[in-house]
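Under the UniProt record's numbering, the first residue of the sequence shown is numbered 1, with each subsequent residue one higher.
Each remark here refers to the structure printed beneath this line.
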Amino acid sequence: RSKKMNNSNVMIDIETTGTQHHSAIVSVAVAIFDLLTGKIFAEEYIRIRWKEDCKICGGKIDADTFEWWVKQSPEARAELITSDDQLPPDDALMRLFEFIRKHCDGGPVYVWAKSPSFDLSLIKDAAERCAISSEEIPWKFWNERDVRTIEALAAQFNFPLPYGKADVTHHALEDVRGQIRNVSAVIGAMHEAVEA
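See the structure below:
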């Protein structure tokens, strides 16, 4: 059984069919982690029937993003292919929300993304399009945290990050793990500096 924590930290990453409002979500990854050490307590990877989203729920495909996907590795492109493990959009979102609630029931949930204005906004948008109540979303907007801010601080102080641009796979779960490594490296260094 995974450890349940107060002040839980959650990392989320999504892959999508666009960068605009109403873009369909292809996959979502989520992990519960320790902010100082980067230890992952639980993780989940969910593939979504994005074509069903486009046909039924108003999801959109962006031409530039489609071209971008075509240029990616075969492994990345495989995420777009329909398979039995894909969930309907509403089921996928509820699975995400239930996972977070299951592992973070001790206090406020702090949700990290790169950046929240993209990943978390599109998740909320998809929930609304799928007629899922905003009450089901297990975090408050004021507890959203931005990976880009942490990475920018690291760059400002020439602090080397363990997960660089060359490491990004565009597979949501791998990117979640990498983003956790970066955030915990910087927060851990800040903690050590304060404690010194």
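Glycine included, every Cβ here is placed at the ideal spot set by N, Cα and C.
Mind the definition here: the stretch 151 to 158 touches the stretch 115 to 124 only if three or more C-beta pairs lie below 8 Å; say whether that holds.
no
Sub-8 Å separation of Ser27 and Ile14 beta-carbons
Taking the first residue of the sequence shown as position 1, residue 27 is located at position 27. Taking the first residue of the sequence shown as position 1, residue 14 is located at position 14. Yes, the pair counts as a contact, with Cβ atoms nearer than the cut-off.
Pick from Asn143, Cys57 and Met94: whose alpha carbon is nearest that of Met11?
Position 11 of the sequence shown, counted from the first residue, corresponds to residue 11. Closest by alpha carbon: Asn143.
Measure how close the beta-carbons of Thr17 and Trp50 come, nearest whole angstrom, since I'm counting them as under 8 Å.
Working through the sequence shown from its first residue, we reach residue 17 at position 17. Working through the sequence shown from its first residue, we reach residue 50 at position 50. That pair is a contact at about 6 Å.
Please report the distance separating the alpha-carbon of Asp146 from that of Ala113.
The residue labelled residue 146 in the question sits at position 146 within the sequence shown. The residue labelled residue 113 in the question sits at position 113 within the sequence shown. Spanning the two alpha carbons is a distance of roughly 6 Å.
Under three-state DSSP, which class holds Asn9?
To locate residue 9, count along the sequence shown from 1; it is residue 9. When secondary structure is reduced to three states using DSSP, Asn9 falls in the strand class.
Output the boundary residues of the alpha helix (DSSP H) element that contains Asp90.
In the sequence shown, residue 90 corresponds to position 90, counting from 1. That run of the alpha helix (DSSP H) goes Pro89 to His103.
Entirely enclosed beta strand (DSSP E) segments - the stretch 27 to 72, minimum 3 residues:
Whole beta strand (DSSP E) segments, 3+ residues: 40 to 48.
Thinking just about the alpha-carbon of each residue, which of Thr37, Ala131 and Val186 is nearest to the one in Ile150?
The residue labelled residue 150 in the question sits at position 150 within the sequence shown. With distances taken between Cα atoms, Ile150 lies closest to Val186.
Endpoints, the alpha helix (DSSP H) within which Glu128 is located:
The count along the sequence shown starts at 1 and reaches residue 128 at position 128. First-last of the alpha helix (DSSP H) with Glu128: Asp119 to Arg129.
Return the bridge partner residues of Glu15 from the DSSP annotation.
One-based indexing of the sequence shown puts residue 15 at position 15. Glu15 pairs with Ser27.
Rounding to the nearest angstrom, what Cα-Cα distance links Ala63 and Val194 in this structure?
As a position in the sequence shown, residue 63 is number 63, starting the count at 1. As a position in the sequence shown, residue 194 is number 194, starting the count at 1. Their backbone Cα atoms lie some 48 Å apart in a straight line.
Just the Cα atoms here: how many angstroms apart are Leu35 and Ala92?
Indexing the sequence shown from 1 puts residue 35 at position 35. Indexing the sequence shown from 1 puts residue 92 at position 92. Rounded to whole angstroms, Leu35 to Ala92 spans 26 Å at the Cα level.
On a CA-only basis, which of Ser23, Asn9, Glu44 and Ser133 is nearest Glu174? Give me that one, please.
What you label residue 174 is simply residue 174 of the sequence shown in a count that begins at 1. Checked all of Ser23, Asn9, Glu44 and Ser133; the closest Cα to Glu174 is Glu44.
With DSSP collapsed to three states, give me the class of Lys3.
As a first step, residue 3 must be located in the sequence shown, where it is residue number 3. Residue confidence is low: Lys3 scores 45 on pLDDT, short of 50, so the model does not pin down where it sits. Its coordinate-derived value is still stated next. Looking at Lys3 - three-state DSSP - the assignment turns out to be coil, as it is neither helix nor strand.
Please say whether Ile180 and Gly38 have beta carbons closer to each other than 8 Å?
As a position in the sequence shown, residue 38 is number 38, starting the count at 1. As a position in the sequence shown, residue 180 is number 180, starting the count at 1. Cβ atoms of Gly38 and Ile180: closer than 8 Å.
Do you know whose CA, among Cys54, Ser121, Ala166 and Cys57, lies nearest Phe141's CA?
Here residue 141 is taken as the residue at index 141 of the sequence shown, counted from 1. Of all alpha-carbon atoms in Cys54, Ser121, Ala166 and Cys57, the one lying nearest the alpha-carbon of Phe141 is that of Ser121.
DSSP three-state call for Trp139: helix, strand or coil?
Mapped onto the sequence shown, residue 139 falls at position 139. Three-state result, Trp139: coil.
Taking just the CA atoms, how far does Arg101 sit from Glu75?
Numbered from its first residue, the sequence shown carries residue 75 at position 75. Numbered from its first residue, the sequence shown carries residue 101 at position 101. If I take the Cα positions, the gap works out to 31 Å.
What is the rounded straight-line gap between the Cα of Glu98 and the Cα of Gln86?
Taking the first residue of the sequence shown as position 1, residue 98 is located at position 98. Taking the first residue of the sequence shown as position 1, residue 86 is located at position 86. Going from the Cα of Glu98 to the Cα of Gln86 covers about 17 Å.
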